[in-house]
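Okay, so here's the structure we're looking at.
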Amino acid sequence: MAMTDQNNEARDMWAEALSLMFKGDHQEELFRISDDEIDALEGLSPDRWPTAGQTDINWDLSVPGRRHSIYLPGPRVLQPADCEQIDLSSLVLGKASFADFDPLINSFFRLTDSSFWVELTNPKLGKAILHIAKGWPVSPVLLSVHQDGGFHFGDGTHRYEVLKRSGTPHFYFLAMPDDVSAINKQLTVQWMSD
Numbered sequence: 108m109a110m111t112d113q114n115n116e117a118r119d120m121w122a123e124a125l126s127l128m129f130k131g132d133h134q135e136e137l138f139r140i141s142d143d144e145i146d147a148l149e150g151l152s153p154d155r156w157p158t159a160g161q162t163d164i165n166w167d168l169s170v171p172g173r174r175h176s177i178y179l180p181g182p183r184v185l186q187p188a189d190c191e192q193i194d195l196s197s198l199v200l201g202k203a204s205f206a207d208f209d210p211l212i213n214s215f216f217r218l219t220d221s222s223f224w225v226e227l228t229n230p231k232l233g234k235a236i237l238h239i240a241k242g243w244p245v246s247p248v249l250l251s252v253h254q255d256g257g258f259h260f261g262d263g264t265h266r267y268e269v270l271k272r273s274g275t276p277h278f279y280f281l282a283m284p285d286d287v288s289a290i291n292k293q294l295t296v297q298w299m300s301d
């Protein structure tokens with residue numbers, strides 16, 4: 108029965124997203140960023156980003172907002188996560204400081220100010236910068252424990268890199284319940300309840 112409910116929920120989210128795509132006033136329209144805006148940021152150092160010094164972040168910590176935490180390939184449309192692969196309501200929400208967390212990122216995934224314009228997808232990084240700068244809702248990143256030690260992101264690297272350089276002292280993340288014990292052994296976390 109639970110799988111049927113999840114399938115129905117996933118189908119309903121897709122139906123809603125598809126119907127919204129064909130209406131002129133759907134919510135995603137509010138979050139469109141032009142290619143010119145994105146291109147104007149390419150190569151800028153973080154101290155010149157519009158997010159520099161921004162400490163007030165519009166976090167979307169709701170369970171429905173979690174569907175935007177996980178990226179699915181597709182054409183420039185916000186897509187709900189595939190509920191058959193990840194039960195979004197079962198993910199655990201945590202809060203940690205950048206100062207405590209950043210040194211714990213697995214070295215393979217650690218980025219410097221000089222490398223992220225090369226390592227990350229530039230349009231996606233530009234969108235993350237502008238989305239956060241405009242005060243639009245930001246979903247938590249998906250945090251995973253790496254098998255070789257440290258952490259990596261199941262998704263949310265672009266958001267994390269922008270937020271880390273914005274000036275806000277902490278960030279929110281989602282984790283699989285099975286990872287909580289391993290995360291607690293390495294990082295001080297304030298776990299949030301729904």
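Going by our numbering, the first residue of the sequence shown is number 108, and it counts up by one from there. Note that the Cβ used here is the ideal one computed from N, Cα and C, for glycine as well. All values reported here derive from a predicted model rather than from experimental measurement.
Three-state secondary structure assigned by DSSP to residue i
i	result
Asp132	Low confidence applies to Asp132: its pLDDT is 43, below 50, so where it sits in the model is not reliable, and the reading given next is rough at best. Residue state, collapsed to three classes: coil.
Ile290	helix
Ser196	helix
Residues of its chain near residue i, where Cβ-Cβ distance is below 8 Å and the 5 sequence neighbours each way are ignored
i	result
Leu237	Ile140, Glu144, Ile145, Leu148, Pro157
Pro284	Ser197, Leu198, Val199
Phe223	Leu232, Glu268
Cβ distance (whole Å) where residue i is taken to contact residue j below 8 Å
i	j	result
Gly160	Val296	Not a contact, Cβ separation roughly 26 Å.
Lys271	Asp209	7 Å
Leu294	Leu211	6 Å
Trp166	Val245	6 Å
Phe278	Tyr267	7 Å
Gly242	Asn213	About 31 Å separates the two Cβ atoms, so there is no contact after all.
Alpha helix (DSSP H) segment containing residue i, residue limits
i	result
Lys304	Absent from the structure is residue 304, since the part of the chain shown begins at 108 and ends at 301.
Ala235	229-240
Ala206	205-208
Trp224	223-226
Ala145	Reading off the sequence, residue 145 comes out as Ile, not Ala. 142-146 is the span of the alpha helix (DSSP H), which, as asked, contains Ile145.
Residues bridged to residue i [DSSP beta-bridge criterion]
i	result
Gly257	According to DSSP, Gly257 bridges with nothing at all.
Val100	Beyond the ends of the chain as shown, which are 108 and 301, falls residue 100; an answer cannot be given.
Leu250	Phe260
Gly201	Phe280, Trp298
Gly172	For Gly172, which the question treats as bridged, DSSP gives no partner whatsoever.
Gly274	Gln161
Residues near residue i by beta carbon distance below 6 Å, same chain, minus five either side
i	result
Pro230	Ile145
Gly233	Ile145, Leu148
Asp142	none
Gly172	Ser246
Residue span of the beta strand (DSSP E) that contains residue i, given as start and end
i	result
Phe216	First-last for Phe216: undefined, no H or E at that position.
Gln297	297-299
Phe138	Here Phe138 belongs to no beta strand (DSSP E), and DSSP marks it neither H nor E.
Leu281	277-282
Cutoff 7 Å; reference residue i; Cβ partners in own chain excluding five residues on either side
i	result
Asp220	Ser152, Pro153
Ser204	Pro276, His277
Cβ of residue i within 8 Å of any chain B Cβ
i	result
Gln297	Among the chains of the structure shown, chain B does not appear; only one protein chain is present.
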